[in-house]
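Participant: In order, the protein sequences belong to chains A and B. The opening residue of the first sequence carries number 297 in our numbering; numbering runs sequentially from there. The opening residue of the second sequence carries number 297 in our numbering; numbering runs sequentially from there. My questions all concern the structure below.
There are 2 protein chains.
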Amino acid sequence: MKSRIQRIFAHAPEGLESIVLFNAEAPHLDHAFFYATDLVQGGLFEGGMAVLRNDGSCTILTNELEEQSARRAKEAEVLVFHNRQERNELLSKAIGGASKVGFNARETVYSNVVGLREALPGAEWVDVGSAVMQARMVKDRIEVARIRKAARIASKVADKIPQMLAEGMTESQLSAEMNAAMQRGGAAGPSFTTIVAFGENAAEPHYAPQQRKLQKNDYVLCDFGAQFDLYASDITRTYVFGKASAKQREVYDIVRRAQQVGFDLCKAGASCKEVHDKVAEVIDRTKYKGRFIHSTGHSLGLQVHDGGRIATTSDQTLEAGMVFTVEPGIYVPGWGGVRIEDDVLITKNGCEQLTTSTRDLLEVALPKPMPKAKPAKAQRPTKRKR
Amino acid sequence: MKSRIQRIFAHAPEGLESIVLFNAEAPHLDHAFFYATDLVQGGLFEGGMAVLRNDGSCTILTNELEEQSARRAKEAEVLVFHNRQERNELLSKAIGGASKVGFNARETVYSNVVGLREALPGAEWVDVGSAVMQARMVKDRIEVARIRKAARIASKVADKIPQMLAEGMTESQLSAEMNAAMQRGGAAGPSFTTIVAFGENAAEPHYAPQQRKLQKNDYVLCDFGAQFDLYASDITRTYVFGKASAKQREVYDIVRRAQQVGFDLCKAGASCKEVHDKVAEVIDRTKYKGRFIHSTGHSLGLQVHDGGRIATTSDQTLEAGMVFTVEPGIYVPGWGGVRIEDDVLITKNGCEQLTTSTRDLLEVALPKPMPKAKPAKAQRPTKRKR
Numbered sequence: 297m298k299s300r301i302q303r304i305f306a307h308a309p310e311g312l313e314s315i316v317l318f319n320a321e322a323p324h325l326d327h328a329f330f331y332a333t334d335l336v337q338g339g340l341f342e343g344g345m346a347v348l349r350n351d352g353s354c355t356i357l358t359n360e361l362e363e364q365s366a367r368r369a370k371e372a373e374v375l376v377f378h379n380r381q382e383r384n385e386l387l388s389k390a391i392g393g394a395s396k397v398g399f400n401a402r403e404t405v406y407s408n409v410v411g412l413r414e415a416l417p418g419a420e421w422v423d424v425g426s427a428v429m430q431a432r433m434v435k436d437r438i439e440v441a442r443i444r445k446a447a448r449i450a451s452k453v454a455d456k457i458p459q460m461l462a463e464g465m466t467e468s469q470l471s472a473e474m475n476a477a478m479q480r481g482g483a484a485g486p487s488f489t490t491i492v493a494f495g496e497n498a499a500e501p502h503y504a505p506q507q508r509k510l511q512k513n514d515y516v517l518c519d520f521g522a523q524f525d526l527y528a529s530d531i532t533r534t535y536v537f538g539k540a541s542a543k544q545r546e547v548y549d550i551v552r553r554a555q556q557v558g559f560d561l562c563k564a565g566a567s568c569k570e571v572h573d574k575v576a577e578v579i580d581r582t583k584y585k586g587r588f589i590h591s592t593g594h595s596l597g598l599q600v601h602d603g604g605r606i607a608t609t610s611d612q613t614l615e616a617g618m619v620f621t622v623e624p625g626i627y628v629p630g631w632g633g634v635r636i637e638d639d640v641l642i643t644k645n646g647c648e649q650l651t652t653s654t655r656d657l658l659e660v661a662l663p664k665p666m667p668k669a670k671p672a673k674a675q676r677p678t679k680r681k682r
Numbered sequence: 297m298k299s300r301i302q303r304i305f306a307h308a309p310e311g312l313e314s315i316v317l318f319n320a321e322a323p324h325l326d327h328a329f330f331y332a333t334d335l336v337q338g339g340l341f342e343g344g345m346a347v348l349r350n351d352g353s354c355t356i357l358t359n360e361l362e363e364q365s366a367r368r369a370k371e372a373e374v375l376v377f378h379n380r381q382e383r384n385e386l387l388s389k390a391i392g393g394a395s396k397v398g399f400n401a402r403e404t405v406y407s408n409v410v411g412l413r414e415a416l417p418g419a420e421w422v423d424v425g426s427a428v429m430q431a432r433m434v435k436d437r438i439e440v441a442r443i444r445k446a447a448r449i450a451s452k453v454a455d456k457i458p459q460m461l462a463e464g465m466t467e468s469q470l471s472a473e474m475n476a477a478m479q480r481g482g483a484a485g486p487s488f489t490t491i492v493a494f495g496e497n498a499a500e501p502h503y504a505p506q507q508r509k510l511q512k513n514d515y516v517l518c519d520f521g522a523q524f525d526l527y528a529s530d531i532t533r534t535y536v537f538g539k540a541s542a543k544q545r546e547v548y549d550i551v552r553r554a555q556q557v558g559f560d561l562c563k564a565g566a567s568c569k570e571v572h573d574k575v576a577e578v579i580d581r582t583k584y585k586g587r588f589i590h591s592t593g594h595s596l597g598l599q600v601h602d603g604g605r606i607a608t609t610s611d612q613t614l615e616a617g618m619v620f621t622v623e624p625g626i627y628v629p630g631w632g633g634v635r636i637e638d639d640v641l642i643t644k645n646g647c648e649q650l651t652t653s654t655r656d657l658l659e660v661a662l663p664k665p666m667p668k669a670k671p672a673k674a675q676r677p678t679k680r681k682r
């Protein structure tokens with residue numbers, strides 16, 4: 297992808313002629329490898345490399361196991377190696393005597409950098425991690441289409457969750473059904489481990505689904521995303537299984553107001569720090585002050601956390617074409633929590649919400665007690681419609 | 297986990313007092329962090345650290361977002377930081393003036409190593425990647441139980457695949473059903489992206505499922521695994537959708553014989569190189585010489601590729617407690633391929649197969665043509681039993 301490679305070089309130190317992206321064993325693959333080559337239709341390329349040049353050209357070095365996959369890359373030369381020595385010789389040839397070579401320190405394991413230094417002992421190595429991140433933050437048309445599709449798949453699943461809920465089901469069971477629904481909807485899989493937290497577990501932002509069973513009046517917090525052509529979506533919805541208590545509704549409404557402030561502020565030119573501070577202020581002006589314990593959002597793309605953050609420590613300015621999550625939350629240990637998360641595409645004058653499920657508080661109607669004459673059916677958990 | 301930490305130090309250079317494991321953003325997490333802390337029940341710990349000491353003790357540094365998750369670690373001290381400076385101060389305290397500090401170069405991104413050097417400018421940094429790998433290769437009782445469970449879940453799904461097949465279904469659809477079945481069976485999810493390859497696509501070992509539709513007499517190659525408490529299984533079965541042709545059966549039988557040679561040779565004391573060479577010989581003595589284009593197997597654990605390999609380039613010797621895949625294959629570009637893969641626990645006198653689905657060639661019976669009077673039903677793909 298000539299245009300993406302040129303974007304990276306535009307952010308890199310002047311005079312740099314080549315950049316080497318070097319994958320280790322999965323999961324330690326460099327997302328920049330997939331960004332630059334656009335090899336999103338399969339292949340791990342463990343131990344593989346991409347050599348990028350400042351004219352936008354690219355050479356892919358792969359073992360023979362993935363030669364067929366690598367040849368799907370448009371506009372790239374593909375060279376096949378059978379062992380480390382061959383790879384180093386091909387690398388040296390592909391670099392073509394450039395004395396200054398870039399590498400991505402944020403996604404290359406240390407031992408691979410040692411390997412590069414041994415392969416090209418004469419080269420001066422320059423970290424281009426920041427350039428790679430800046431290039432990847434602003435999405436091109438193809439990337440936006442993929443994230444949009446991933447967001448649509450996740451939104452449709454969010455719409456269906458109320459109908460999946462049944463008293464006594466476990467967090468793990470719900471997450472299994474959500475993942476299956478995403479894949480049936482066209483996702484390659486979840487973009488990260490699906491979070492399902494019932495009741496008091498909703499107080500833990502990075503909770504993983506366990507065997508906790510769904511009870512009447514529980515919060516149901518679901519944080520999940522679809523992966524489509526390697527691109528991620530990321531959405532959170534919090535439901536109430538039954539009628540919301542006054543406190544459950546109060547917490548929900550505050551989070552929703554905070555998120556709306558985020559939507560209103562997100563546009564090209566806005567400061568990420570300011571967006572976060574204003575969102576946090578909504579929560580910190582209530583009695584839940586201090587209960588919003590993470591940043592407002594993160595950049596989304598090939599990684600779920602794809603670079604920038606909407607946080608008080610951020611010096612990032614939003615630009616048109618960036619995709620961020622907006623996800624305030626309130627967490628009350630031992631009681632529960634609410635998070636509402638959507639993905640937005642930053643535009644010149646505002647932002648477009650890519651995830652489209654309703655943000656109204658959904659209270660999932662409990663089934664009416666069955667007549668006593670039919671005890672067998674009453675005991676079986678059934679799917680409910682709201 | 298005192299015993300695991302002591303195992304790492306037993307393989308590390310003498311005199312080393314501490315080791316720092318430092319996670320970056322997911323997926324660039326250090327599996328050794330999860331090995332040493334046994335934090336397998338949730339939590340990403342991005343930006344988190346584990347400081348291991350040669351007395352087997354451990355200090356976990358985490359942000360407040362994951363404090364609750366971190367406190368699940370038995371025998372470990374948990375310290376909470378709110379920003380980078382605080383983390384560096386806590387790190388310095390936890391290291392306690394040790395002058396030589398270990399780090400895992402194979403799973404720490406370069407920029408994090410730079411961060412460590414800045415945090416502890418006086419320390420000498422020693423790569424303990426090889427010690428970590430050697431320690432992790434021999435599984436303890438708890439780890440074997442998790443892999444056994446992950447293998448059981450995947451085996452049950454392999455048994456059900458013939459009943460999932462229907463003419464016209466896509467590779468993606470089958471992979472969705474397989475993933476759902478694994479999660480319903482107790483898996484946290486797939487341990488890697490499920491490979492489903494129909495017909496000629498089975499010739500590509502690292503293929504990702506696409507929209508290719510299942511046709512009569514296709515090979516159906518399924519390579520997948522379950523993740524259970526962060527531990528992986530990895531199994532491949534190749535079916536024929538219909539009656540196998542003579543060539544399909546011939547290729548299958550050769551691969552099966554090669555795998556049996558692998559099973560027969562795997563035991564404590566065996567050389568990985570020798571096992572691979574003998575397995576490859578079975579294939580290379582046939583007309584499919586040169587069509588087995590990868591190594592015979594890999595170590596399995598927290599990573600799907602967890603360190604050692606059964607390969608001609610390996611100098612590893614098998615030890616009791618190691619878990620390896622045995623997975624020969626034959627790949628004929630443009631025609632198709634067969635791989636059969638099982639997970640084995642190395643024992644003193646042989647190996648135990650943890651994946652237990654049949655390795656007989658399964659020819660999936662096609663449905664009989666429906667009577668013409670009922671065209672509507674005949675058009676609908678139905679599930680078939682063998």
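Backbone N, C-alpha and C define an ideal beta-carbon position, used for all residues, glycine too. Every value quoted in this text rests on a predicted model; they were computed, and no experiment measured them.
(1) Let me see if you follow: with CB-CB separation under 8 Å, is glutamine 599 of chain A close to chain E or not?
(2) Go ahead and label glycine 604 of chain A buried or exposed: buried means 16 or more other beta carbons lie within 10 angstroms of its beta carbon, across all protein chains shown.
(3) With a threshold of 8 Å on Cβ separation, who are the neighbours of threonine 608 of chain B within its own chain once the five nearest residues in sequence on each side are excluded?
(4) Taking Cβ positions, are tyrosine 627 of chain B and arginine 587 of chain B nearer each other than 8 Å?
(5) Only counting runs of 3 or more residues, tell me where the beta strand (DSSP E) segments fall wholly within the region 454 to 542 of chain A, in order along the chain.
(6) Suppose you measure from the CA of glycine 495 of chain B to the CA of valine 516 of chain B; what does that come to, to the nearest Å?
(7) Residues in the region 380 to 408 of chain B with C-beta within 7 Å of chain A's C-beta atoms, listed in sequence order?
(8) Tell me which same chain residues have a C-beta within less than 7 Å of the C-beta of proline 458 of chain A, skipping the five on either side of it?
(9) Report the rounded CA-to-CA distance for proline 309 of chain A versus valine 424 of chain A, giving the unit in angstroms.
(10) Return no unless some Cβ of chain A is closer than 8 Å to the Cβ of threonine 489 of chain B.
(11) Alpha carbon to alpha carbon, what distance is there between phenylalanine 329 of chain B and arginine 432 of chain A?
(12) In whole angstroms, what separates the C-alpha of glutamine 479 of chain A from that of lysine 370 of chain A?
(13) Compute the beta-carbon to beta-carbon distance between leucine 614 of chain A and glycine 565 of chain A, rounded to the nearest angstrom, for a pair I have assumed lies under 8 Å.
(14) Among B:Glu467, B:Phe341 and B:Arg380, which has the Cα closest to the Cα of alanine 322 of chain B?
(15) For tyrosine 503 of chain A, return the contacting residues in chain B, with the cut-off set at a CB-CB distance below 7 Å.
(16) Any beta-carbon of chain A closer than 8 Å to the one on arginine 587 of chain B?
(17) Put aspartate 638 of chain A into one of helix, strand or coil per three-state DSSP.
(18) Count the other C-beta atoms from every protein chain shown that fall within 10 angstroms of the C-beta of arginine 581 of chain A, then say buried if there are 16 or more, exposed otherwise.
(19) Helix or strand or just coil, what does DSSP make of serine 684 of chain B?
(20) Looking only at its own chain, which residues have a Cβ that is under 8 Å from the Cβ of glutamate 420 of chain A, when we skip the five neighbours before and after it?
(21) Considering only their Cβ atoms, is the gap separating leucine 662 of chain A from lysine 512 of chain A smaller than 8 Å?
(22) Which residues in the same chain have their Cβ closer than 6 Å to the Cβ of valine 405 of chain B, if we skip the five residues on either side of it in sequence?
(23) What would DSSP say about aspartate 423 of chain B, mapped onto helix, strand or coil?
(24) What residues in its chain sit with their C-beta under 7 Å from that of tyrosine 527 of chain B, if we drop five residues either side in the sequence?
(25) According to DSSP, simplified to helix, strand and coil, what is lysine 298 of chain A?
(26) Give me the subset of the region 406 to 435 of chain A whose CB atoms are less than 9 Å from a CB atom of chain B, sorted by chain position.
(27) For the region 354 to 380 of chain B, enumerate the residues whose C-beta is nearer than 8 Å to any C-beta of chain A, in chain order.
(28) Within the 8 Å Cβ cut-off, does arginine 605 of chain B reach chain A?
(29) Go ahead and label valine 410 of chain A buried or exposed: buried means 16 or more other beta carbons lie within 10 angstroms of its beta carbon, across all protein chains shown.
(30) Tell me whether proline 417 of chain B is buried or exposed, calling it buried when 16 or more other Cβ atoms sit within 10 Å of its Cβ.
(31) Any beta carbon of chain B sitting closer than 8 Å to that of alanine 322 of chain A?
(32) With 8 Å set as the bound, which would you pick, yes or no: does the beta-carbon of glycine 344 of chain A sit closer than that to a beta-carbon of chain B?
(33) Give a yes or no on whether 8 Å exceeds the smallest Cβ distance from glycine 625 of chain A to chain B.
(34) Looking at the strands, I want to know which residues DSSP matches up with asparagine 408 of chain B.
(35) Can you find the residues in the same chain that come closer than 6 Å, C-beta to C-beta, to alanine 493 of chain B, ignoring five residues on each side of it along the sequence?
(36) Go through the region 303 to 377 of chain B residue by residue and report every complete run of the alpha helix (DSSP H) that reaches 4 residues or more, in order.
Facilitator: This is what the structure holds:
(1) Among the protein chains of the structure shown, namely A and B, there is no chain E.
(2) Buried.
(3) Lys569, His572, Asp573, Ala576 and Ser591.
(4) yes
(5) 491 to 494, 514 to 520, 522 to 524 and 531 to 537
(6) 7 Å
(7) Ala401, Arg402, Glu403, Thr404, Val405, Tyr406 and Ser407
(8) Tyr535, Leu658, Val660 and Arg682
(9) Rounded to whole angstroms, the gap between the alpha carbons of proline 309 of chain A and valine 424 of chain A is 8 Å.
(10) Judged by the 8 Å Cβ criterion, threonine 489 of chain B is in contact with chain A.
(11) If I take the Cα positions, the gap works out to 29 Å.
(12) 27 Å
(13) 7 Å
(14) B:Phe341
(15) Gly338
(16) With 8 Å as the cut-off, arginine 587 of chain B does not count as an interface residue toward chain A.
(17) strand
(18) An exposed status is given to arginine 581 of chain A, since fewer than 16 other beta-carbon atoms sit within 10 Å of its beta-carbon.
(19) Outside the displayed range of chain B (297 to 682) lies residue 684 of chain B, so it cannot be described from this structure.
(20) Ser395, Lys396 and Val397
(21) yes
(22) Ala320 and His324
(23) strand
(24) Glu439, Arg442, Ile443, Ala446, Gly597 and Leu598
(25) helix
(26) If the cut-off is 9 Å between Cβ atoms, the region 406 to 435 of chain A has Tyr406, Ser407, Asn408, Val409, Val410, Asp423 and Gly425 near chain B.
(27) Glu360, Leu361, Glu362, Gln364, Ser365 and Asn379
(28) no
(29) exposed
(30) exposed
(31) yes
(32) no
(33) no
(34) DSSP output for asparagine 408 of chain B lists no bridge partner at all.
(35) Tyr503 and Leu517
(36) Within the region 303 to 377 of chain B, complete alpha helix (DSSP H) segments of at least 4 residues are found at 327 to 333 and 363 to 366, given in chain order.
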